[in-house]
Structures are given as structure tokens and as C-alpha cells.
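See structure below.
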Amino acid sequence: MDNRTSNGILAGNPLFRLGLGVCPALAVTTCASAALGMGVATACVLVCSSLVAFVLGKVVSEKGTVATWIMVTACFATVAQFILKGWFPELASELGIFVPLIAVSSLLLSRADFASNNSLGAAMGDAVGMGIGYIIAMTLVGIVREILGQGTLFGSDLLPFTPMTLVALPAGGFIVLGLLMGCWNAITAKKNGKEETQA
Amino acid sequence: MKLHLSPAPHVHSPQTTRALMLNVLVALIPCAIAGVYLFGFSAILLMLVSVLSAVAGEAIIQKILGQKSRINDMSAAVTGLILALNLSPRTPWWVAMAGSLFAVIVVKGLFGGLGDNFLNPALAARAFLLVCWPRYLTTWAAPLAADAVAGATPLANPAGYTLGQLFLGNIPGSIGEVCKPAILLGLVYLLFTKTITWQIPVYMTAFTGVFCALMGGGFVESMLSGGVLFAAVFMATDYVTCPMSTKGQIVYAAGIGLIIALIRKFGLYPEGVTFAILLMNVATPIIDRFTKRRVYGYEDNKKKEAKANG
């Protein structure tokens, strides 16, 4: 696997290592399916906008970059919103405002910036890796919160004990995200002890 | 002659964390005995489960984080026992276990262990349980009953109990909070051994009474119902999470009293002691900052400013 891609998934995981895209990771991860949907939508927008940002990076002047990246991500976020509303209306209503908000996600902007400053191969490898890493991280948070908070997994009953309501609330989202972040750091630190995180 | 040079402080205190925690454990014994007398075997079971899982949880988290094991300082045992005394006698044992583990692992261990927790672990665990499983924490039992008879607490049914009942603890409630003479006995022991000072317990109880009375409750009744007295003696006085100066402690106690009164009067829950103390725990660093004492030999900052301006 390309070095940039594996970095995006493990050592430089956007959610668990870089702390990017945290807002939806707290807001729409109360059940695993919504978290997975949000992850996929973000990843698709990420790959598309990174490609366009790579092309535009050659022509846009230094001063206009942030505004340009927001225009680009907003375009693709709107497309994603229409697709979700058209084909997955239930998921779209569950994700609500957080799909259009992909446009101003720190994850998208930082990756667009990276793409514009690097070769096409590195830019796409990074976007795909970060996208997959974000999907995995979101789904993990969603799975843990759905099992503990509602006693179900992807909608089917699972838990023998009374679910913990707190985990389904925002405060529980912070606690679960923090604990998963800690575990992820411990695991990746052990695995690639010498390899540095590439932001 | 050999001179030993070392920086101040030069006077050592014989007090260790372990000795202080043992004092607290001893002070809790009357409450525990009263709880067992009033509510029977289930109280013993809850206390055992809670203490054992708190100590085990502390050992596990210190092992995982690679810290030196400090379970001998007894602070985890105190946390476990205080949590159990804060639960209804009809709480299932696994709920107590989950609470103890949350207290020592999430609230205490992950924030750096004893001394670095910004919330009182036992109270944070109680709030956690209250939000997670409200049904188990708000099912009360009548005291001295052969069968488990459900009862309404004085906060839900203020007219149902006399002052004498409220004082002696012949009322439904948490295991440790109902019997006021036992709590006062513990308070006297803690004051006698200089484990705590009198300010926080006295001010907190008094402010709660005053604010509740202002909002239409009974002055004495509001101090004797719910967990006010128990919390004032054993939980608001937690060294780590209360302000250091006396002035700061008065602000802290008044804040707790006001929030308790507000929650009791307007809140969703009948009792607000848990959330009141947790909120003031969070405010403690700010209180400490604004009530800093003048350092000996230095001028007061405010006076200096006045001089510079005038």
C-alpha cells in the first residue's frame, strides 16, 4: 500500500490522531449506520475536492486558497447532500445539517491544502487514506456508542443488560471518543514506534 | 559537624495520604452501620461490591498506565464506600460496580490519578449512574421493612415525615445519607483528628437551608432531607476539588447551596446535591484564582494597582 494511504488510515488517522472532523464524530455517531453513512459521505467529498484542489493549486494565488477550498468543498458537499436526499432519504434526515457542514470541515480544508502542495499521486493517496481512516474511525465510535447506548448494533438487538443512556448523549460521545483515541494511540504507537505521524 | 542543606519546607507533617484516608474510613463507619441497620443485607452487599471493584479498578488502571500501584493509600476504598453510601439500598450490585469502575478509571485514573482529578470521583460516578440508569437510582426502599417496600423520599413527599424522622433517618433514601446522628458523629471525628476543617460543612449546610427557605421550603427540613449533610461532610470537603482559601471555601459553599435550592425548586430531579457539588468542583480553579492569598512580604496586587492609578 502507498505510504500516504497507510499513514491516513493508521499513524495519521484524521479523527484519532490529527483530531480533524471531530464535530460530526460527536453529533451523528449515536448509531453505527449513521456514523458509517457520514464517514462515507465525507470520504467521497474529500477525494473529489482533493482532486480539484490539486488542479486549482497550480493557478490560485496564495492569498485566495482558503476561500477557494471552501468553494470547492461546498460544491461537493451540496452534491453529496442531493445524492443522500434522493437515494437515502432516511439517512439524510438522520445526518441533517452535518452533510452541508462537510463544506467547512477542518478535515477537508487541511487535505485540500495538502493536495495543492504535492504531486498528484501523493494527493490522491492521502485523500483515499484519510477517507478510509475517517470511515473506520467514525464507524468504530458509532458501533461502541450504539452497543452501549442503545443495546443494538446496526439496528438489531444485542445487549443482555440495560443500555447506558449517558453514552448516547453528547457527554458520552466525548468520553467514548477520548477512550477510543487513547486505545488507537496506544496501538499505533506500539506498532510503528519509530514511524512519525505525517500530518 | 555535617550540615544537611535542603530547600524549604523543613517541617515535616506526620500526616500521610493513607492516614487521612483511614480517618475518613473510620468516620464513615457510623453511617455504614446505620445504613445496614436500617436497610439490611443489601446495604452490606452494595458496600462490599463497591469497595472491592473500586480497589480492583484502581489497580488495573495503574497497571495499564504503567504507574506505581498506589492502592495502599486507601483513596480508592474511600471512593468506593462513599459511592455505595450514596446509592439507594435497592440498587442492583452491578450498577454499583459500574459506578466504582467509572469513578476510579475514567474520573480519577485517566486524569492523572489522586490529586489530578478535577471532579470528586464518587460524585461524578453517581451522576454517571443517575444519567445512565435513572430507574435503579431513584427506586427507594422504606427503612426497617421486612419486605422491600417502596417509599417516597422526603423531597418527593415533604409533608409525609416529621422532623424527628428526618433527623434519626427513619426515612427512605440513600444508604448513608438518612441517619443524621451517624453523619454528625463522623463529622466530629474528622474535626477532632483535623482531617477536615469546619468551614465547608457548616457553610454549605447553612447556605442550603437559607436558599431553600428563600425559595419557599422549610429551613430545617431542607437541611435534613436528601443528601445535604452527608455531602457537606464527606464529599464537598474532598481536598482535591475544593478551594484552598477560607474566602474561596465560603464562595464554593454558597454556590453549592444556591444550586441545590435551584435544582430542588425548578429542576427535573428532586435532589440536586450531586450536580451542585460537581458544578462547583469545576468552578474551583476559578475561585482559587480570585481568592489568592497575599504572599507574605509582597504587596497586595489590588493596592498596587490603586497606587499606580491614584
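Top line first, the protein sequences correspond to chains A and B. So for the first sequence, numbering that gives the first Met the number 0 puts the first residue at 0; every next one is plus one. So for the second sequence, numbering that gives the first Met the number 0 puts the first residue at 0; every next one is plus one. For every residue, glycine included, the Cβ atom is placed at its ideal position computed from N, Cα and C. Small disclaimer: the values here were computed from a predicted structure and weren't measured.
8 Å Cβ shell around residue i - same chain, five flanking residues per side excluded
{"i": "K67 (chain B)", "result": "Q61"}
{"i": "K193 (chain A)", "result": "Legend: pLDDT at K193 (chain A) = 49, less than 50; position of this residue unreliable, no value from coordinates given."}
{"i": "V71 (chain A)", "result": "S48, V51, A52, L55, A111"}
{"i": "A40 (chain A)", "result": "A79, L83, L94, V98, I101"}
{"i": "T29 (chain A)", "result": "G141, R144, E145, G148, Q149, A167, G172"}
{"i": "L113 (chain B)", "result": "T16, R69, D72, S74, K107, V239"}
{"i": "G226 (chain B)", "result": "N85, G172, S173, E176, E270, V272, T273"}
{"i": "L90 (chain A)", "result": "S32, A33, G36, L83"}
{"i": "N210 (chain A)", "result": "Chain A is shown only over 0 to 198; residue 210 (chain A) falls outside these bounds and no answer can be derived."}
{"i": "L277 (chain B)", "result": "L118, N119, L122, A123, A126"}
For residue i: DSSP bridge partner residues
{"i": "L129 (chain B)", "result": "According to DSSP, L129 (chain B) bridges with nothing at all."}
{"i": "L152 (chain A)", "result": "A:S155"}
Nearest neighbour of residue i, chosen from the options [CA to CA]
{"i": "P88 (chain B)", "options": "B:L44, B:P284, B:V130", "result": "B:L44"}
{"i": "P13 (chain A)", "options": "A:S115, A:I82, A:T64, A:L45", "result": "A:L45"}
{"i": "C43 (chain A)", "options": "A:T77, A:V27, A:G63, A:V21", "result": "A:T77"}
{"i": "L24 (chain B)", "options": "B:G185, B:I262, B:S49", "result": "B:G185"}
{"i": "P142 (chain B)", "options": "B:M222, B:Y36, B:H9, B:G112", "result": "B:Y36"}
{"i": "G101 (chain A)", "options": "A:A10, A:A26, A:K57", "result": "The sequence shown places Ile at residue 101 (chain A), rather than the Gly named in the question. When each option's Cα is compared against that of I101 (chain A), the closest is A:A26."}
{"i": "T15 (chain B)", "options": "B:D72, B:R288, B:K1", "result": "B:D72"}
{"i": "G256 (chain B)", "options": "B:I286, B:A205, B:R288", "result": "B:A205"}
{"i": "A230 (chain B)", "options": "B:A75, B:L183, B:R293", "result": "B:L183"}
{"i": "P180 (chain B)", "options": "B:A18, B:Q164, B:T194, B:M20", "result": "B:Q164"}
{"i": "S5 (chain A)", "options": "A:S60, A:I131, A:M180, A:A66", "result": "A:I131"}
{"i": "V77 (chain B)", "options": "B:I59, B:A58, B:S49, B:I63", "result": "B:S49"}
{"i": "V294 (chain B)", "options": "B:W139, B:G216, B:G56, B:S244", "result": "B:S244"}
{"i": "T164 (chain A)", "options": "B:A155, B:W139, B:Y135, B:I63", "result": "B:Y135"}
{"i": "R288 (chain B)", "options": "B:A7, B:Q248, B:V105", "result": "B:Q248"}
{"i": "K189 (chain A)", "options": "A:A170, A:N2, A:L9", "result": "A:L9"}
{"i": "W93 (chain B)", "options": "B:I63, B:M46, B:L278", "result": "B:M46"}
{"i": "A95 (chain B)", "options": "B:S41, B:Q198, B:C30, B:S12", "result": "B:S41"}
{"i": "A140 (chain B)", "options": "B:L278, B:A7, B:G34", "result": "B:G34"}
{"i": "V219 (chain B)", "options": "B:R292, B:S52, B:L162, B:A31", "result": "B:L162"}
{"i": "I262 (chain B)", "options": "B:L228, B:I28, B:F210", "result": "B:F210"}
{"i": "V103 (chain A)", "options": "A:A66, A:E61, A:T151", "result": "A:A66"}
{"i": "F265 (chain B)", "options": "B:G216, B:L223, B:S224", "result": "B:G216"}
{"i": "D115 (chain B)", "options": "B:R292, B:G296, B:N280, B:K1", "result": "B:N280"}
{"i": "F191 (chain B)", "options": "B:S224, B:T138, B:N22, B:L213", "result": "B:N22"}
{"i": "P200 (chain B)", "options": "B:A212, B:S224, B:D237", "result": "B:D237"}
Proximal residues to residue i (C-beta, below 7 Å), its chain only, five neighbours per side dropped
{"i": "S109 (chain A)", "result": "L19"}
{"i": "T283 (chain B)", "result": "T240, C241, P242, Y251"}
{"i": "F101 (chain B)", "result": "A124, F127"}
{"i": "M203 (chain B)", "result": "A231, A235, A252, I255, G256"}
{"i": "P91 (chain B)", "result": "Y135"}
{"i": "L119 (chain A)", "result": "F53"}
{"i": "S5 (chain B)", "result": "none"}
{"i": "I63 (chain B)", "result": "none"}
{"i": "D200 (chain A)", "result": "Nothing about residue 200 (chain A) can be reported from this structure: the residues present for chain A run from 0 to 198 only."}
Contact set for residue i: own chain, Cβ-Cβ below 6 Å, skip 5 residues either direction
{"i": "I259 (chain B)", "result": "T207, G271, V272, A275"}
{"i": "G98 (chain B)", "result": "L82, A124, L128"}
{"i": "P23 (chain A)", "result": "M37, F97"}
{"i": "V54 (chain B)", "result": "I70, A75, A76"}
{"i": "N169 (chain B)", "result": "P142"}
{"i": "T290 (chain B)", "result": "S244, K246, G247"}
{"i": "A114 (chain A)", "result": "S49, A52, F53, A122"}
{"i": "C343 (chain B)", "result": "It is not possible to answer for residue 343 (chain B), since the shown part of chain B is limited to 0 through 309."}
{"i": "W183 (chain A)", "result": "F15"}
Residue i Cβ short of 6 Å to the ligand PLP heavy atom set
{"i": "E61 (chain A)", "result": "This structure does not include the ligand PLP; it has no bound ligands of any sort."}
Chain D within 7 Å of residue i, Cβ atoms only
{"i": "F53 (chain A)", "result": "The structure shown contains no chain D; the protein chains it does contain are A and B."}
Original post:
Of all the alpha helix (DSSP H) runs that stay within the bounds of the segment 36 to 112 of chain A, which reach a length of 4 or more residues?
Top reply: Counting whole runs of 4 or more residues, the segment 36 to 112 of chain A contains the alpha helix (DSSP H) stretches 64 to 86, 88 to 94.
Original post:
Enumerated in chain order, which unbroken segments of the alpha helix (DSSP H) with a length of 4 residues or greater are wholly contained in the segment 33 to 74 of chain B?
Top reply: For the segment 33 to 74 of chain B, the continuous alpha helix (DSSP H) assignments of 4+ residues that do not extend past its boundaries occur at 40 to 63, in sequence order.
Original post:
Residues in the segment 198 to 224 of chain B with C-beta within 8 Å of chain A's C-beta atoms, listed in sequence order?
Top reply: Those residues of the segment 198 to 224 of chain B that come within reach of chain A (Cβ to Cβ, closer than 8 Å) do not exist; the list is empty.
Subject >> Proximal residues, the segment 124 to 137 of chain B versus chain A, C-beta separation under 7 Å >> reply: Of all residues in the segment 124 to 137 of chain B, only F127, V130, C131, W132 come within less than 7 Å of chain A when Cβ atoms are compared, listed by chain position.
**OP:** Within the segment 231 to 290 of chain B, note down every full alpha helix (DSSP H) run reaching 4 residues or more, in order along the chain.
**Re:** Here the runs fully enclosed are 245 to 265, 272 to 289.
Subject >> Residues in the segment 93 to 106 of chain B having any Cβ partner in chain A nearer than 7 Å >> reply: Answer in chain order: V105.
Original post:
For the segment 149 to 180 of chain A, which residues have a CB atom closer than 9 Å to at least one CB atom of chain B, in sequence order?
Top reply: Residues of the segment 149 to 180 of chain A with a C-beta less than 9 Å from any C-beta of chain B: F160, T161, P162, M163, T164, L165, V166, L168, A170, G171, I174, G177, L178, listed in chain order.
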